[in-house]
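Just below is one structure, and these are the notes that go with it.
In the numbering used here, the protein residues as written are 934 to 1231.
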């Protein structure tokens, strides 16, 4: 059954996610600060929203896909925001990757207005967003998750209710720790092999069928070897995610030494102006120190 859905945030991930909702014939109202993506979605069949408040007033389910917690708070809680337009009984699904603390704050504000809330960040990058095969990890009430499930299935293949509000983003932080460490380890391995005079493409082919094989390796090694750092997921966003992970760990009194190390690599790349490269460019931090470039020979 088609739903009336509002979608706010049409960036690298949000735009293809919104397109997949149109593909399965949901009625869609969209808003984005820059007009280009809105025009593209309107041509595809969406309706134009004038503001977050306007989008919320015209929808039963409101999805936000934004860069970080401050933007989520502004769009949902701020003046002209979602909660000024949402009707009691509406469902807000924030699919941004933000601090669990912010997710719980937004969830409490929604509950005070009799608006239901899920935090439901995603993993899989732009390719899976385009193909509608994202992993979606949600936090909230089961009845809200069940209500959202038909909508989420248009955007993702792997749907999990991880626990109460905030659990979705805690799960996403765990995911981002593993992805970052995996990319960094892959980078070290390929730098080592290249410095030794091996063809990194042959090394990749040799190891991908063994225990070292992973989705990260299969997606990112070919990008590195081809020197393709077009962002599927930007360094600046992964830096933000690891910052949130380290803050969460500090609040619990635990250490994340590998996360801290990779975060320093990302911070160095940000300082060099490389924040908008794909996070596979972690390899560039390692290449600079080894004075070698991972690429096809010749």
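The beta-carbon is built from N, C-alpha and C at its ideal position, and this holds for glycine as well.
None of the values given here were measured: they were computed from a predicted structure.
Given this structure, state the Cα-to-Cα distance separating residue i from residue j, to the nearest angstrom.
i	j	result
residue 1062	residue 1231	34 Å
residue 1116	residue 986	39 Å
residue 1219	residue 1208	16 Å
residue 1129	residue 1217	17 Å
residue 1166	residue 1000	11 Å
residue 1192	residue 1025	31 Å
residue 983	residue 967	12 Å
residue 1013	residue 1132	55 Å
residue 1211	residue 1058	10 Å
residue 1162	residue 1022	43 Å
residue 1047	residue 964	23 Å
residue 1206	residue 1020	43 Å
What is the DSSP secondary structure of residue i, counted as helix, strand or coil?
i	result
residue 1188	coil
residue 937	strand
residue 958	coil
residue 1089	strand
residue 1135	helix
residue 1055	strand
residue 1070	strand
residue 1211	strand
residue 981	strand
residue 1045	helix
residue 963	strand
residue 1165	coil
residue 1096	strand
In chain order, what residues of the same chain lie with their CB nearer than 6 Å to the CB of residue i, ignoring the 5 residues before and after it?
i	result
residue 978	955
residue 1071	1051, 1053, 1078, 1094, 1101
residue 948	970
residue 1089	1067, 1069
For residue i, which residues in the same chain have their Cβ closer than 8 Å to its Cβ, ignoring the five residues on either side in sequence?
i	result
residue 1150	1115, 1119, 1137, 1140, 1141
residue 1108	1056, 1068, 1070
residue 1238	The requested residue 1238 does not occur in the structure, where the chain is confined to residues 934 to 1231.
Contact defined as beta carbons within less than 8 Å: I believe residue i pairs with residue j. What is the distance between those atoms, to the nearest angstrom?
i	j	result
residue 1029	residue 1180	About 16 Å separates the two Cβ atoms, so there is no contact after all.
residue 1227	residue 1123	5 Å
residue 1018	residue 1045	Not really, about 16 Å apart at Cβ, beyond 8 Å.
For residue i, which residues of its own chain have a beta-carbon under 7 Å away from its beta-carbon, when the five flanking residues on both sides are left out?
i	result
residue 1174	1030, 1106, 1109
residue 943	951, 963, 965, 970, 971, 974
residue 1075	1094
Starting from residue i, follow the beta strand (DSSP E) in both directions and report where the run begins and ends.
i	result
residue 946	Per DSSP, residue 946 belongs to no beta strand (DSSP E) and is neither H nor E.
residue 1116	It is not in any beta strand (DSSP E) - residue 1116 instead sits in the alpha helix (DSSP H) that spans 1100-1128.
residue 1024	1024-1027
residue 1031	From DSSP, residue 1031 is part of no beta strand (DSSP E); its letter is neither H nor E.
How far does the alpha helix (DSSP H) with residue i in it reach, from first residue to last?
i	result
residue 987	985-990
residue 1016	1015-1018
residue 1152	1148-1158
residue 1003	1002-1010
residue 1228	Segment: none, residue 1228 is in no alpha helix (DSSP H) and carries neither H nor E.
residue 972	968-976
Quick one: does residue i have its CB under 8 Å from some CB of chain C?
i	result
residue 1030	No chain C appears in this structure, which consists of one protein chain only.
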